[in-house]
């Protein structure tokens, strides 16, 4: 098994390895999967080197912002998958679900005190960086964070890219060697690890391991957790690595060939993989390997010229070229920003030209203005926007193209662009399964000018920020069936009797 590239490993602090420790601890916080995971691979490397058992500790707090039945259940379904896989490989798994605020305090410190080394995931967004910084003060042994987020290691770039074009050109210059350093598909294969049957009862009595299988199969049990029960589980949507792999196979067989039609809601050609990528239930490396294998692609087809163009560099079919640009360029440019700027979610992080033009037009008259609650309840005058918001609330996602319109209209219908940004972040992170992610912040901030350029003609409210309208969207793409599907309840009930 090849070793994890050093550029993906970041040591926190200068604590030594505890050679007398009982086990190697993998604290799984972002890459919530067993396979195609550099973090798991690194933990396995340490366990074999030190001849110690591996303990995988996966926990879920109850007090993270936007905690809800929807998010909890999706994560717990992934925990159930991990429990089964690790049991098959005789690796001790400790799933912990915090039953009340603060109940898990001290658990990581107690586990770390008994560990040789602690390995965790290097994720640059949401509350995870702050949580890791706080945890580092409690961990008395060597503590490593491993980047298993994308095909390009986050530390391979030493600057923030203002445009996707510039980042794409950088990728075309630097990505090729990283394609030869893929994570192990199955890091637990090979020589068996030393085993540990159980943790000390002093730990498991105070912090009881969760019955994740039971909760995964019956989300009604989530009523006992102090989370938002108003944001319900998405019907017919399963979390976890097993569901992620099934979604990937369905995409390859039924949607990839039509991926260039993804702007048309009727085409149903989007990958559906974004929630699984966000929660770490699937790796971009696994997706890349499957898609390129399906296309009979090989690295020799890559162009020698780094042009920055979204077409032609990979030497793959048009559909695959288009998908890889979304999977790598547009996804990883967000990781580039979040890993280097702590203000990634702040209004003032917008480009200077966007801040200037929005400020110049902040006093422009708005024909319509709505509150957060009105937006959340799909109570605007625009039936297409309302349909997109209903899809978000019901399905935990918005169609790719309509998400852009959804964001632009909130900017147009809010008294100040700062307020619009706060509303979009709240709606997206409350309801979207793939929210709270560098990629989702990229999408929201794009509506305000990030990764874009100044456009003309200059318009009221938007200034030089790119404008979109519902009227043009109706003309450009087929949204009739979409609006019928996500129309208001009165119209839906009327259609039942038509």
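Residue numbers (the working numbering): 3 to 500.
Heads up, the beta-carbon is just placed ideally off N, CA and C, and yes, glycines get one too.
The structure presented is a predicted model; accordingly, all values stated were derived computationally and were not measured.
When the alpha-carbon of residue 426 is set against those of 72, 139, 375 and 178, the nearest one is in 375. DSSP, reduced to helix, strand and coil, places residue 61 within a strand of the structure shown.
If you compare the alpha carbons of 431, 466 and 141 with that of residue 233, the shortest gap goes to 431. Residue 215 is bridged by DSSP to nothing; it lacks a bridge partner. Per DSSP, the unbroken beta strand (DSSP E) holding residue 118 starts and ends at 117-123. DSSP places residue 419 in the helix class (H, G or I) of the three-state scheme. Residue 366 and residue 284 have their C-alpha atoms roughly 45 Å apart.
Closest option to residue 245, judged by alpha-carbon separation, among 194, 164 and 277: 277. Looking at the backbone, the Cα of residue 368 and that of residue 434 are separated by about 27 Å. For residue 29, the enclosing beta strand (DSSP E) stretches over residues 25-30.
In the three-state reduction of the DSSP assignment, residue 97 falls in the strand class. Counting C-beta pairs with one atom in each stretch, the region 354-362 and the region 435-455 have three or more that are closer than 8 Å, which means they touch.
In the DSSP assignment, residue 471 falls outside any alpha helix (DSSP H) and carries neither an H nor an E. Per DSSP, reduced to three states, the secondary structure at residue 146 is strand. Distance from the Cα of residue 338 is smallest, within the candidate group 482, 124 and 38, for 124. Pairwise C-beta distances place the region 48-58 in contact with the region 192-202, as three or more of them are shorter than 8 Å. For residue 444, the uninterrupted alpha helix (DSSP H) run begins and ends at 440-448, by DSSP. Put simply, of 306, 39 and 324 the residue whose alpha carbon is nearest the alpha carbon of residue 313 is 324. In the structure shown, residue 454 adopts coil according to DSSP, grouped into three states.
With respect to residue 235, residue 72 sits close: the two C-beta atoms are nearer than 8 Å. In this structure, DSSP gives residue 435 a state outside helix and strand, which the three-state scheme calls coil. Take the alpha-carbon of residue 279 and the one of residue 372: they are about 32 Å apart. Residue 13 is bridged by DSSP to 146.
DSSP places residue 74 inside the alpha helix (DSSP H), whose first and last residues are 71-90. By the beta-carbon neighbour count (other beta carbons within 10 angstroms, threshold 16), residue 252 is exposed.
Just measuring C-alpha positions, the residue of 478, 458, 476 and 479 sitting nearest residue 469 is 458. Between the beta-carbon of residue 343 and that of residue 351 there is about 6 Å, and that keeps the pair under the 8 Å contact cut. Counting every other CB atom within 10 Å of its CB across the protein chains shown gives residue 203 a total below 16, marking it as exposed. Pairwise C-beta distances place the region 110-127 out of contact with the region 410-428, as fewer than three of them are shorter than 8 Å. At a Cβ-Cβ threshold of 8 Å, residue 141 and residue 17 count as neighbours.
The residue among 99, 383, 259 and 191 with its C-alpha nearest the C-alpha of residue 36 is 191. DSSP, reduced to helix, strand and coil, places residue 165 within a strand of the structure shown. Around residue 254, the same chain offers 292, 293 and 296 as residues with beta carbons nearer than 8 Å, after the five sequence neighbours per side are excluded.
C-alpha of residue 456 to C-alpha of residue 328: approximately 22 Å in a straight line. Of the other Cβ atoms in all chains shown, 16 or more fall within 10 Å of the Cβ of residue 33; this residue is therefore buried. Inclusion of residue 390 and residue 407 in the CB contact set at 8 Å is warranted, their separation being smaller than that value.
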